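The structure appears below as structure tokens.
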Amino acid sequence: GIQVEQSPPDLILQEGANSTLRCNFSDSVNNLQWFHQNPWGQLINLFYIPSGTKQNGRLSATTVATERYSLLYISSSQTTDSGVYFCAVETWAGSYQLTFGKGTKLSVIP
Amino acid sequence: GAGVSQTPSNKVTEKGKYVELRCDPISGHTALYWYRQSLGQGPEFLIYFQGTGAADDSGLPNDRFFAVRPEGSVSTLKIQRTERGDSAVYLCASSLLAGGRTDTQYFGPGTRLTVL
Numbered sequence: 001g002i003q004v005e006q007s008p009p010d011l012i013l014q015e016g017a018n019s020t021l022r023c024n025f026s027d028s029v030n031n032l033q034w035f036h037q038n039p040w041g042q043l044i045n046l047f048y049i050p051s052g053t054k055q056n057g058r059l060s061a062t063t064v065a066t067e068r069y070s071l072l073y074i075s076s077s078q079t080t081d082s083g084v085y086f087c088a089v090e091t092w093a094g095s096y097q098l099t100f101g102k103g104t105k106l107s108v109i110p
Numbered sequence: 001g002a003g004v005s006q007t008p009s010n011k012v013t014e015k016g017k018y019v020e021l022r023c024d025p026i027s028g029h030t031a032l033y034w035y036r037q038s039l040g041q042g043p044e045f046l047i048y049f050q051g052t053g054a055a056d057d058s059g060l061p062n063d064r065f066f067a068v069r070p071e072g073s074v075s076t077l078k079i080q081r082t083e084r085g086d087s088a089v090y091l092c093a094s095s096l097l098a099g100g101r102t103d104t105q106y107f108g109p110g111t112r113l114t115v116l
């Protein structure tokens, strides 16, 4: 099956700093989503981005499908950004299941 | 509108017992998914429903796991003869599907299952 690798696995930032999270995948995908899992375990949708660039406030994402990677940018980080960020891809395997990476654990300190 | 809801939020059971986990998807979403998340890992796919039928159950680990969605809305994940290795957070997601095109999957808060 498809492999999804996220880097870095852990990241500590000072409040106000910027960061880039990376997601590499091993095969063509129909869909890619970025999620934030907050400290209470809730998975929150950030972007649905099979290709191109999208922005939402301090967050933006770019997927280059032909090169099999996606980037999540976080600018002016806040303590509420802490948590685990997951990249998940959908490949057509008879269903629309998502395959998740292992996540990047982000800690933003005041 | 309301998001995906799951009940119970926590379930503690003893090895060998039977459990049922419930998922209420977003109204109007035809696709429903179950995933399982172990500590420190990303969610792993279990089963996918399109309407009432299980379109893909390739992620179910063995025949102790079964899921139904009899009216195309609420779904129940059933685990027989629970084992300690079944302990995990069970996540449900739903999405709109139209014309064979996928859409964002929205996740519920999960049910934390602990098998003693």
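So the sequence lines, in the order shown, correspond to chains A and B.
Counting from 1, position 32 in the first sequence corresponds to residue 32 in the working numbering; the numbering is continuous, with no gaps.
Counting from 1, position 86 in the second sequence corresponds to residue 86 in the working numbering; the numbering is continuous, with no gaps.
Every residue gets a Cβ at the ideal spot worked out from N, C-alpha and C, and that includes glycine.
Nothing here was measured: the structure is a model prediction, and the numbers come from that model.
If we ignore side chains and look at the alpha-carbon of each, how far apart do residue i and residue j end up?
i        : j        : result
Gly108/B : Pro110/A : 30 Å
Thr20/A  : Gln6/B   : 33 Å
Phe66/B  : Gly59/B  : 11 Å
Pro43/B  : Val74/B  : 21 Å
Asp56/B  : Gly1/A   : 15 Å
Glu83/B  : Val115/B : 6 Å
Gly103/A : Phe49/B  : 26 Å
Phe25/A  : Lys54/A  : 19 Å
Leu72/A  : Asn45/A  : 13 Å
Pro39/A  : Thr104/B : 22 Å
Ala2/B   : Arg58/A  : 26 Å
Glu20/B  : Thr102/B : 28 Å
Lys17/B  : Arg36/B  : 19 Å
Thr66/A  : Ser9/B   : 40 Å
Tyr69/A  : Val84/A  : 19 Å
Ala88/A  : Ser60/A  : 16 Å
Leu32/A  : Lys15/B  : 37 Å
Measuring alpha carbon to alpha carbon, tell me which of the options ends up nearest residue i.
i       : options                                : result
Val4/B  : Arg112/B, Thr111/B and Tyr106/B        : Tyr106/B
Ile47/B : Gln41/B, Leu39/B, Lys15/B and Trp34/B  : Trp34/B
Leu97/B : Ser27/B, Gly16/B and Thr13/B           : Ser27/B
Arg69/B : Pro25/B, Lys17/B, Pro8/B and Thr13/B   : Pro25/B
Phe86/A : Thr66/A, Ile74/A, Gly101/A and Asp10/A : Gly101/A
Lys78/B : Ala88/B, Lys15/B and Arg22/B           : Arg22/B
Phe77/A : Gln6/A, Asn18/A and Pro9/A             : Going by the sequence as given, residue 77/A is Ser instead of Phe. Here the closest residue by C-alpha is Asn18/A.
Thr80/A : Pro8/A, Leu32/A and His36/A            : His36/A
Gln6/A  : Arg22/A, Val64/A, Glu15/A and Glu67/A  : Arg22/A
Ser95/B : Gln80/B, Leu32/B and Asp63/B           : Leu32/B
Glu71/B : Phe45/B, Lys15/B, Val12/B and Thr30/B  : Thr30/B
Glu15/A : Asn56/A, Ser82/A, Pro9/A and Thr63/A   : Ser82/A
Gly85/B : Ala93/B, Thr76/B and Asn62/B           : Asn62/B
DSSP three-state label for residue i, please.
i        : result
Glu71/B  : coil
Glu67/A  : helix
Gly85/B  : helix
Thr102/B : coil
Thr111/B : strand
Asp63/B  : coil
Thr53/A  : strand
Asp81/A  : helix
Trp97/B  : A quick correction: the sequence has Leu, not Trp, at residue 97/B. Leu97/B falls in the coil class under three-state DSSP.
Val29/A  : coil
Ser76/A  : coil
Within 10 Å of its beta-carbon, does residue i have 16 or more other beta-carbons around it, so buried, or fewer, so exposed?
i        : result
Ile49/A  : buried
Tyr90/B  : buried
Trp34/A  : buried
Leu39/B  : exposed
Val108/A : buried
Thr52/B  : exposed
Glu90/A  : buried
Ile12/A  : exposed
Gln80/B  : exposed
Ser28/A  : exposed
Quick one: list the residues of chain A neighbouring residue i, beta-carbon separation under 7 Å, in chain order.
i        : result
Val68/B  : Neighbours of Val68/B on chain A: none; closest Cβ ~17 Å, over 7 Å.
Ala88/B  : Those within 7 Å of Ala88/B in chain A number zero; the least Cβ separation is about 12 Å.
Thr102/B : Asn30, Asn31, Glu90 and Tyr96
Gln6/B   : Here the premise fails: no neighbours, minimum Cβ distance about 11 Å.
Tyr18/B  : Within chain A, no residue comes near Tyr18/B; the closest Cβ sits about 24 Å away, beyond 7 Å.
Cβ closer than 9 Å: which chain A residues qualify as neighbours of residue i?
i       : result
Gln41/B : Phe100, Lys102 and Gly103
Ala2/B  : Under the 9 Å cutoff, chain A gives no residues; its nearest Cβ is about 14 Å from Ala2/B.
Consider the Cβ of residue i: report whether some Cβ of chain C lies at a distance smaller than 9 Å.
i       : result
Tyr96/A : The structure shown contains no chain C; its protein chains are A and B.
Chain B partners of residue i, CB-CB under 7 Å?
i       : result
Asn38/A : Near Asn38/A there are no residues of chain B at all, since even the closest Cβ is about 10 Å away, more than 7 Å.
Phe86/A : Gly42
Asn45/A : Thr104 and Tyr106
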